[in-house]
Structure formats: C-alpha cells, structure tokens
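Participant:
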Amino acid sequence: MAIISFNNITKNYKTGFRKKKTALRDFSLDIHEGEVFGFLGPNGAGKSTAIKLLLNLIFPTTGKAEILGRRVADREIKKLIGYLPENPYFYDYLNPIELLSFAGKTSGMDSLKIRKKTESLLNTVGLWSERKRAIRSYSKGMVQRVGLALALIHDPKVVILDEPMTGLDPIGRKQVIDLILKLKSEGKTVFFSSHILEDIERVCDRIGILVNGRLVRIMDIKSESLTRPLEEIFIEEVEKAGGARE
Ligand SMILES: Nc1ncnc2c1ncn2[C@@H]1O[C@H](COP(=O)(O)OP(=O)(O)OP(=O)(O)O)[C@@H](O)[C@H]1O
Ligand SMILES: [Mg+2]
524 MAIISFNNIT KNYKTGFRKK KTALRDFSLD IHEGEVFGFL GPNGAGKSTA IKLLLNLIFP
584 TTGKAEILGR RVADREIKKL IGYLPENPYF YDYLNPIELL SFAGKTSGMD SLKIRKKTES
644 LLNTVGLWSE RKRAIRSYSK GMVQRVGLAL ALIHDPKVVI LDEPMTGLDP IGRKQVIDLI
704 LKLKSEGKTV FFSSHILEDI ERVCDRIGIL VNGRLVRIMD IKSESLTRPL EEIFIEEVEK
764 AGGARE
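When you read off a place in the sequence shown, starting at 1, and then add 523, the result is the number in the working numbering.
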C-alpha cells in the first residue's frame with residue numbers, strides 16, 4: 524500500500540473573474556512506506572500546492588489524495604502526520620518548551636513523554652540552550668528549527684516538510700539531513716520539497732521533478748546512481764517542459 528498517494532489531481536486557483544491558475548495538472552504519485560522522497564521544481568511549480576492538498580488545507584479541483592489508504596479529509600490521519608509549512612508561524616510570545624508542550628497535549632501525549640521528546644527534539648535542532656527565550660526574539664533559521672521540532676513532537680508515521688532546509692545555516696542543514704535519516708531508520712516515511720539539490724541527493728531514495736504543475740520525472744537515485752549532476756538533469760527537465768513559467 525502506498526503511504527501517500529495523489530491520484531489524477533488537478534488544482535485550479537481562481538485568480539479573478541473567469542480567470543484561473545492551474546497549479547497541478549493530472550498529478551499522480553505514490554510514496555512508499557519507509558521512503559524518503561524529495562520533491563523538486565522551480566518556483567511556482569506547484570510543490571506547496573500538492574503538500575497543502577495532503578494536509579487538507581486546500582482541496583483538489585478533480586482527483587483525490589490519500590494517506591495510509593484514507594482520504595486526507597479523514598481527521599484520524601492528522602495524528603499520524605507531521606507537517607512543516609512553507610512559512611511557519613507560531614504563537615511567538617511562547618518559548619519553544621511552552622509551544623511543544625501545548626502541541627504535545629493537543630496530541631494527547633502525557634507530560635513525561637512531552638518533556639522527554641521536547642528535550643531530545645530541541646537538542647536535535649540545536650535550540651536547547653535557547654529554550655527559555657520567546658520565539659518572537661528568534662532569528663528566521665531558529666523559527667524554522669522550532670517548526671521542525673513542532674512537526675515531530677507527536678512522533679508521526681508520515682512526515683511532510685515544505686522546504687525544511689530553507690533559511691538554515693550549513694550546520695542546521697546538516698542537522699536536518701541527519702534528522703531525516705534518523706526518521707528513515709525508524710521506519711518513517713518522509714516527503715519533502717527543497718531547492719537544495721545537494722541535500723536532496725544526500726538524503727533521498729527517490730525524487731520527483733515538477734514543472735508547471737506536471738510531474739515530468741521520477742528518479743530512483745539510490746539504485747540508479749546518478750551519472751550526471753542532479754543540477755544538470757533538473758535544468759534539462761525544466762527546459763524540456765517549456766521553462767519554469769507559462
Ligand atoms: N491561493 C492562490 N491563489 C492563486 N494562485 C495561487 C495560490 N497559491 C498558489 N498559487 C499559484 O499556483 C502556482 C503554484 O504555487 P505553489 O506555491 O504550489 O508553488 P511552489 O512549487 O511551492 O513554489 P516555490 O518553490 O516558490 O515555493 C503558482 O503559480 C502560484 O502563483
Ligand atoms: Mg512552495
């Protein structure tokens with residue numbers, strides 16, 4: 524069974540009177556259990572649209588998305604998903620301990636478990652020493668790190684991250700890579716978008732390239748080792764598909 528599945532999804536946004544923007548066109552993709560899948564595509568390709576559909580934050584015009592064989596509208600699957608949005612925004616008068624504790628309680632975790640998980644996650648994302656500061660005083664990269672911890676507090680089976688490395692320094696990027704590999708070793712399924720090809724190559728089993736809402740290529744980069752730099756393949760696919768924008 525696919526853990527994440529997009530079935531023939533088309534998504535149109537209304538952009539004005541009788542005007543629409545097609546962000547996804549007949550998009551189908553299956554992500555398998557325990558897989559790390561990297562989602563690539565130029566700005567505006569439709570990556571965040573696909574991700575938001577999985578979280579049921581927006582709805583497809585046609586087609587359907589499923590997680591663990593259930594429609595994404597099913598509230599039960601929310602508990603099994605960890606999500607980092609493209610632009611994370613929090614109650615920023617809280618410090619990360621308070622925020623994670625609040626999120627843990629909302630997910631039905633007990634206090635001891637919350638405390639342990641919070642400490643381990645804040646260490647993993649390099650924020651333990653800053654834990655008592657309100658998030659409002661954090662830098663952009665630090666907020667991104669809080670977002671990652673928040674996505675994982677409830678130990679989700681399926682992890683969906685929209686550009687997790689964005690805004691992070693090289694140490695932060697390495698921490699995210701190690702974190703993704705740790706999640707994989709625990710049997711989690713990870714689906715994430717990124718523009719950082721080097722990181723994608725280091726961590727993914729498969730990648731998909733999206734251009735203008737169409738999935739133009741899927742590559743199994745663990746088994747067919749790349750004979751050419753990913754950047755070259757990426758640029759070629761974007762150009763073949765008619766460039767980044769219509
Ligand atoms: N709410 C919206 N209303 C109208 N158009 C939208 C809306 N959200 C996204 N779009 C358009 O849909 C297309 C896909 O956007 P999306 O955010 O999914 O791209 P992306 O691949 O995540 O890009 P990036 O790499 O810049 O994050 C873009 O042309 C964008 O302008
Ligand atoms: Mg995006």
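We put the beta carbon where it would ideally sit given N, CA and C, even for glycine.
As the structure is a prediction and not an experimental result, all values here were calculated from the model.
1. What does VAL713 pair with, by DSSP beta-bridge criteria?
2. Is ASP685 a contact residue of ligand 2, with contact defined as CB to any heavy atom under 8 Å?
3. Flag this pair as yes or no: are the beta carbons of VAL713 and GLU558 separated by less than 9 Å?
4. Can you find a CB in chain B that lies within less than 9 Å of the CB of LEU622?
5. According to DSSP, TYR536 sits in a beta bridge with which residue or residues?
6. Using the Cα positions of GLU589 and PRO687, report the straight-line distance between them to the nearest angstrom.
7. Who are the Cβ neighbours of GLY649 in its own chain at under 8 Å, not counting the five residues just before and after it?
8. Would you kindly report the start and end of the unbroken alpha helix (DSSP H) that includes THR585?
9. Which two residues bound the contiguous alpha helix (DSSP H) that contains GLY731?
10. Give the straight-line distance between the Cα atoms of GLY539 and THR545, rounded to the nearest whole angstrom.
11. Would you mind listing the alpha helix (DSSP H) stretches within the region 647 to 678 that are 4+ residues and don't spill past its ends, in chain order?
12. Measure how close the beta-carbons of LEU622 and TYR614 come, nearest whole angstrom, since I'm counting them as under 8 Å.
13. Secondary structure at ILE758, three-state DSSP: helix, strand or coil?
14. Is LYS544 a contact residue of ligand 1, with contact defined as CB to any heavy atom under 8 Å?
15. If you follow the beta strand (DSSP E) that GLY605 is in, where does it begin and where does it stop?
Facilitator: Put simply:
1. VAL559 and VAL682
2. yes
3. In this structure, GLU558 lies closer than 9 Å to VAL713 by Cβ.
4. Of the protein chains in this structure there is only one, and it is not chain B.
5. Beta-bridge annotation (DSSP): TYR536 is paired with LYS544.
6. 22 Å
7. Closer than 8 Å at Cβ, skipping near neighbours: ARG668, ILE694, GLY695 and GLN698.
8. No alpha helix (DSSP H) holds THR585; the beta strand (DSSP E) holding it covers 585 to 590.
9. Careful: GLY731 lies outside any alpha helix (DSSP H), inside the beta strand (DSSP E) at 729 to 734.
10. 13 Å
11. 663 to 675
12. Indeed they touch by this definition, with Cβ atoms about 7 Å apart.
13. helix
14. yes
15. 604 to 607
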